[in-house]
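J.: Numbering that gives the first Met the number 0 puts the first residue of the sequence shown at 0, with every later residue one more than the last.
Glycine included, C-beta positions come from ideal geometry on N, C-alpha and C.
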Amino acid sequence: MIATNIAQANTPGFKAKGMDFQKALQAASSGASISLSRTDSRHIPASSTMSGEILYRVPTQPDTGDGNTVDVDLERNLFMQNQIRHQASLDFLGSKFKNLTKSLKGE
């Protein structure tokens, strides 16, 4: 979603979107369900217990006159935060697996 916002930064009228991950996680953990619509009878019917309401962001910058609400600096910051968290998680898991492998080998 962040990448979409960045890609649409110069599109007149585009509204930046976001998602409250904590709310989506709580909804998924609680078993709340959402209904998905089929726009064509050939689509596979879907049912899901995951809920992640996509919300429009409140603009943090003055209106540029074209109706676009993307704040590129904010989006880049959010993108970088996600990247850092993702890399930290991978490093942590890699370390855990390395230690587990050493334990299994008796090192």
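1) Between which residues of its own chain and residue 36 is the CB-CB distance below 6 Å, once the five residues before and five after are set aside?
2) Which same chain residues, not among the five before or five after residue 13, have their C-beta less than 7 Å away from its C-beta?
3) Residue 0 lies in the alpha helix (DSSP H); which residues open and close that run?
4) Run through the DSSP bridge pairs and tell me what residue 54 is partnered with.
5) Just verifying my parser: in three-state terms, what is the DSSP assignment at residue 100?
6) Report yes if the CB atom of residue 5 is closer than 8 Å to the CB atom of residue 71, and no otherwise.
7) Is the Cβ-Cβ distance between residue 18 and residue 43 less than 8 Å?
8) Is there a Cβ of chain C sitting closer than 8 Å to that of residue 88, yes or no?
T.: Answer, in terms of the structure:
1) To locate residue 36, count along the sequence shown from 1; it is residue 37. Contacts found: none.
2) Here residue 13 corresponds to residue number 14 of the sequence shown, with the count starting at 1. Excluding residues within five positions, the ones whose Cβ falls inside 7 Å are 7, 67, 69.
3) Position 1 of the sequence shown, counting from 1, holds the residue named residue 0. Premise fails: residue 0 is in no alpha helix (DSSP H) and is neither H nor E.
4) Taking the sequence shown and counting its residues from 1, one reaches residue 54 at position 55. BP columns for residue 54 point to 17.
5) Mapped onto the sequence shown, residue 100 falls at position 101. In this structure, residue 100 counts as helix in the three-state DSSP scheme.
6) On the sequence shown, residue 5 is found 6 positions in, with the first residue counted as 1. On the sequence shown, residue 71 is found 72 positions in, with the first residue counted as 1. Contact flag set, yes.
7) Stepping through the sequence shown from its first residue, residue 18 is reached at position 19. Stepping through the sequence shown from its first residue, residue 43 is reached at position 44. No.
8) Given the protein chain composition of this structure (a single chain), no chain C is represented.
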